[in-house]
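Peer 1: Numbering follows our numbering, with no gaps: position 88 of the sequence shown is 88. Take this structure, written in structure tokens, and hold onto it; I'll ask about it next.
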Amino acid sequence: MTRLTRHLIHSLLILLIATPSLAAEPDFDDPVQLETFVDGVVKPLMKANNSPAGTVAIARGGELILAKGYGFEDIEQQVPVDPYETLFRPGSTSKLFTWVSVMQLVEQGKLDLDADVNTYLEEFQIADTFDEPVTLRHIMTHTPGFEDGGLGYLIVDDPDLIQPLSESMKRFQPERINPPGVQTAYSNYATALAGLIVEIVSGVPFNDYVQQNIFDPLGMTRSSFYEPLPADLEKHMAGSYKVELGAYVEKDFEIIANFGPAGAQSATSPDMVRFGQAILNGGELDGKRILKAETVEEMLTPNFSHDDRTTAMLLGFYETDYNGHRVVGHGGDTIYFHSYLGIDHEADLVFFVSFASGGGSPTRSAFAPALYNEFFPRNESPPVPPEDFLEHGGKYAGHYGFWRGNFSKIEKAFSLGSAIQVAPTEDNTLLVAFAGGAKQYVEVEKNLFRELDANISLVAGISPRLIAFQENEAGAITGFVFDGLPFMSARKLPSYETGNFNFALLGLSLLIFLGVVLRRWYQRREIALLYGPDRTAFNACFYTCLLYTSDAAD
């Protein structure tokens, strides 16, 4: 099956499951109808995307109304997923436990969200690249200004490579590329740094702190940040599978301990929902309180947004708009697991999903939109393109890249082919091309665009309803932010940073390199006849040419 065919099948599936049923009025409180619907979403998507295992848990009105497993915990032994026993990897959804830990210490007066984080660090300091210091508020809104990185150290598979959290934070400190509070750029390093601060200030190792202050009070008996997992949990860990040559191949357990507070958790779906219920209830569950109600309210209040017309960063949590419902929560991805925790105060609803393997990503991304389109549909007419858009639409055209990226190391090469292309169309719309496809957007306000067709879903999992462009004082467009991804602002790329330019430069460099090498090969007899200074000069010229082509390729 070709990549294009898979994309078409996936888009068709999303269109089918995202269209509200005409046969009967959807009733979320009917357990049979709810389970039937969830099965109808999850099973075909897992099959189409080669996801071998999945779990779904939903609570409403203070009760767990659905907990279900799909596929196999262990494919070779044919052990099915048990939602109450089988552990998945929430990935970055784990960050929510780090943020709650921070706020517990804020309540105790031991941390100040607006103090320089260097105040709390003992073995090293964050570089003073800019006059403004990095604070915990910057970290919790993903605005500290760090570049991204992780190659070879964020996720490893050998327990012998685990080192103390303080050592990882000291060793892998990234460059600061923006003043804090200016641009959002998702940062695993910053989150792990917050976890280290929790460890330092509390005097308790981070994993122990979360166990004692969140997991134990909430009765989350099937959850852990420890890596490797304790034996009683490890035996029920869903396998890490990858499709190779048409078959599932099990890989090693992913170890994220060196950046543990950013994503090292393992948990069952009902455990994750218990945490969500505590947040929904203002910090309390079953008579056990992990935060004061006013602290939870502070955490769920918008703290940073590039545009007030789009969803915002809260304190650690972020907003997503599903058919007019404000859902707060967090997504998470490891190499082999893809998860999301959503908390909807209006609908008194908490849900958590996690799906395994690479195909888990589109399955995870499709779940919440399908759920809301079925049970909480939005009656909204498509936007009408303004007739004069082409008169000024050209200013939006160009290539854009996320601020979340690497700017100082070899990892910067990974972003060359990932630019988002934007161009106006003859239909007075704006075409936005992502890695997995393209969508048309219509200008609805100044620098604000809404998707033309909400039923078109992108395979990459990026399908924002709104795009808000950033404009400088001179009226030039400098970047944008997606609705639903407030932690990932993008910048407009200069031509020399676009993939086309760099690939062309790389091709030219290779041609020069091959030309120099071939010339030396064909002139080898003449070179052999050279003596003394003449031969030395020729060799110096040859290696200078090689060095030039190498620099050009960088």
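A virtual CB, placed ideally from N, CA and C, is assigned to each residue, including glycine.
Going by CA-CA distance only, name the one from Val384, Gly394, Thr184 that's closest to Phe304.
Peer 2: The residue you call residue 304 lines up with position 304 of the sequence shown. Looking at the Cα atoms, Thr184 is the closest of the given residues.
Peer 1: Say the cut is 7 angstroms; is the CB of Ala476 nearer than that to a heavy atom of the ligand SAH?
Peer 2: Among the ligands in the structure shown, none appear at all, so the ligand SAH cannot be discussed.
Peer 1: On the premise that Lys170 lies in contact with Phe124, defined as a C-beta separation below 8 angstroms, what is that separation, rounded to the nearest angstrom?
Peer 2: Taking the first residue of the sequence shown as 1, we reach residue 124 at position 124. Taking the first residue of the sequence shown as 1, we reach residue 170 at position 170. Contact holds; Cβ gap of about 4 angstroms.
Peer 1: Which residue's Cα is closest to the Cα of Ala368: Val42, Asp116, Gly91, Glu284?
Peer 2: Position 368 of the sequence shown, counted from the first residue, corresponds to residue 368. Measuring from the Cα of Ala368, the nearest candidate turns out to be Val42.
Peer 1: Run through the DSSP bridge pairs and tell me what Lys95 is partnered with.
Peer 2: Within the sequence shown, the letter at position 95 stands for residue 95. In the DSSP output, where bridge partners are listed per residue, Lys95 has none listed.
Peer 1: For the alpha helix (DSSP H) containing Leu371, list its first residue and its last residue.
Peer 2: To locate residue 371, count along the sequence shown from 1; it is residue 371. Per DSSP, Leu371 belongs to the alpha helix (DSSP H) from 360-375.
Peer 1: Please classify Gln183: does DSSP put it in a helix, a strand, or coil?
Peer 2: As a working note, residue 183 is residue 183 in the sequence shown. Gln183 falls in the coil class under three-state DSSP.
Peer 1: Buried or exposed, going by whether 16 or more other CB atoms sit within 10 Å of the CB of Ile126?
Peer 2: Taking the first residue of the sequence shown as 1, we reach residue 126 at position 126. Burial call: buried.
Peer 1: The alpha helix (DSSP H) with Thr221 in it runs from where to where?
Peer 2: As a position in the sequence shown, residue 221 is number 221, starting the count at 1. Thr221 -> no alpha helix (DSSP H), and no H or E assigned at all.
Peer 1: Any beta carbon from chain D within less than 8 angstroms of Ala490's own beta carbon?
Peer 2: Among the chains in the structure shown there is no chain D, since it carries only a single protein chain.
Peer 1: How far does the alpha helix (DSSP H) with Gly40 in it extend, from its first residue to its last?
Peer 2: To locate residue 40, count along the sequence shown from 1; it is residue 40. Segment 31-48, the alpha helix (DSSP H) holding Gly40.
Peer 1: Kindly indicate which three-state DSSP category Lys568 falls into: helix, strand or coil?
Peer 2: What is shown of the chain runs 1 to 554, which leaves residue 568 out entirely.
Peer 1: Three or more C-beta pairs closer than 8 angstroms, one from the segment 260-267 and one from the segment 79-94: is that the case here?
Peer 2: With a cut-off of 8 angstroms, the segment 79-94 and the segment 260-267 count as touching, because enough Cβ pairs lie within range.
Peer 1: DSSP state of Ala504, grouped into three classes?
Peer 2: If you number the sequence shown from 1, residue 504 lands on position 504. With a pLDDT of 49 at Ala504, under the threshold of 50, the modelled position of that residue is not reliable, and the figure given next carries that caveat. In the structure shown, Ala504 sits in a helix (DSSP, three-state: H, G or I).
Peer 1: With DSSP as the reference, label Ala262 as helix, strand or coil.
Peer 2: In the sequence shown, counting from the first residue as 1, residue 262 sits at position 262. DSSP places Ala262 in helix when its eight states are reduced to three.
Peer 1: Quick one: Cα of Phe434 to Cα of Ile420, how far?
Peer 2: The sequence position of residue 434 within the sequence shown is 434, counting from 1. The sequence position of residue 420 within the sequence shown is 420, counting from 1. So the two alpha carbons sit approximately 5 angstroms from each other.
Peer 1: Would you mind working out which of Met488, Gly149, Asn447, Asn455 sits nearest Asn472, comparing C-alpha positions?
Peer 2: Residue 472 sits at position 472 when you count from the first residue of the sequence shown. Closest option to Asn472, Cα to Cα, is Asn447.
Peer 1: Please state whether the Cβ-Cβ distance between Tyr441 and Glu426 is less than 8 angstroms.
Peer 2: Locating residue 441 in the sequence shown gives position 441, where the first residue counts as 1. Locating residue 426 in the sequence shown gives position 426, where the first residue counts as 1. Contact flag unset, no.
Peer 1: Taking just the CA atoms, how far does Lys409 sit from Ala504?
Peer 2: As a first step, residue 504 must be located in the sequence shown, where it is residue number 504. As a first step, residue 409 must be located in the sequence shown, where it is residue number 409. Note that Ala504 has pLDDT 49, beneath the 50 cutoff, so the model's placement of it is unreliable and the number below is only indicative. C-alpha separation (whole angstroms): 21 angstroms.
Peer 1: Starting from Asp208, trace the alpha helix (DSSP H) in both directions and tell me its first and last residue.
Peer 2: Locating residue 208 in the sequence shown gives position 208, where the first residue counts as 1. Per DSSP, Asp208 belongs to the alpha helix (DSSP H) from 206-210.
Peer 1: Ordered along the chain, which non-local residues of its own chain (more than five positions away) have a Cβ less than 6 angstroms from that of Gly359?
Peer 2: Position 359 of the sequence shown, counted from the start, is the residue given in the question as residue 359. Taken in chain order, the residues that qualify are Asn49, Asn50, Ser51.
Peer 1: Out of Val106, Leu64, Phe449, Met237, point me to the one whose CA is closest to Pro80's CA.
Peer 2: Here residue 80 corresponds to residue number 80 of the sequence shown, with the count starting at 1. Nearest option by C-alpha distance: Met237.
Peer 1: Below 8 angstroms CB to CB, which residues in the same chain sit around Arg465 once its five sequence neighbours on both sides are set aside?
Peer 2: Locating residue 465 in the sequence shown gives position 465, counting from the first residue. The residues are Asp321, Arg450, Glu451, Ala454, Asp483, Gly484.
Peer 1: Just reading off the beta strand (DSSP E) that Ala57 is part of, what are its end residues?
Peer 2: Locating residue 57 in the sequence shown gives position 57, where the first residue counts as 1. Here the beta strand (DSSP E) through Ala57 covers 53-60.
Peer 1: Smallest Cα separation from Gly282: which of Ala476, Asp29, Val100, Pro164?
Peer 2: Taking the sequence shown and counting its residues from 1, one reaches residue 282 at position 282. With distances taken between Cα atoms, Gly282 lies closest to Val100.
Peer 1: Buried or exposed for Gln265, please, with buried defined as at least 16 other CB atoms from any protein chain shown within 10 angstroms of its CB.
Peer 2: By one-based count along the sequence shown, residue 265 stands at place 265. Flag for Gln265 reads buried.
Peer 1: Within 10 angstroms of the Cβ of Thr36, are there 16 or more other Cβ atoms? Answer buried if so, exposed if not.
Peer 2: Position 36 of the sequence shown, counted from the first residue, corresponds to residue 36. Per the 10 Å Cβ criterion, exposed.
Peer 1: According to DSSP, simplified to helix, strand and coil, what is Gln163?
Peer 2: Counting from one through the sequence shown, the residue named residue 163 turns up at place 163. The answer is coil: DSSP assigns Gln163 none of H, G, I, E or B.
Peer 1: Quick one: complete beta strand (DSSP E) runs, 3+ long, within the segment 290-373?
Peer 2: Counting whole runs of 3 or more residues, the segment 290-373 contains the beta strand (DSSP E) stretches 318-322, 325-333, 337-344, 349-356.
Peer 1: So Phe253 packs on Ser240, CB below 8 angstroms; how close in whole Å?
Peer 2: Mapped onto the sequence shown, residue 253 falls at position 253. Mapped onto the sequence shown, residue 240 falls at position 240. Contact holds; Cβ gap of about 6 angstroms.
Peer 1: According to DSSP, what are the bridge partners of Ser240?
Peer 2: Numbered from its first residue, the sequence shown carries residue 240 at position 240. Note: Ser240 sits in a beta bridge opposite Lys251.
Peer 1: Hey, could you find the ends of the beta strand (DSSP E) Tyr153 is sitting in?
Peer 2: Along the sequence shown, read from residue 1 onward, the residue named residue 153 stands at position 153. Run containing Tyr153: none; DSSP gives neither H nor E here.
Peer 1: Just the C-alpha distance for Leu506 and Gly69, rounded to the nearest angstrom, thanks.
Peer 2: The residue labelled residue 506 in the question sits at position 506 within the sequence shown. The residue labelled residue 69 in the question sits at position 69 within the sequence shown. Because Leu506 sits at a pLDDT of 48, beneath the cut-off of 50, its placement in the model cannot be relied upon, and the point is left open.
Peer 1: List the DSSP bridge partners of Gly437.
Peer 2: One-based indexing of the sequence shown puts residue 437 at position 437. Looking at the DSSP assignment, Gly437 forms a beta bridge with Phe434.
Peer 1: Using alpha carbons as the reference points, say which of Leu121, Ala67, Glu250 lies closest to Ile75.
Peer 2: Start at 1 with the first residue of the sequence shown, and residue 75 comes out as number 75. Nearest C-alpha to Ile75: Glu250.
Peer 1: Quick one: what's Thr135 bridged to in DSSP?
Peer 2: In the sequence shown, the residue the question calls residue 135 occupies position 135. For Thr135, which the question treats as bridged, DSSP gives the partners Asp116.
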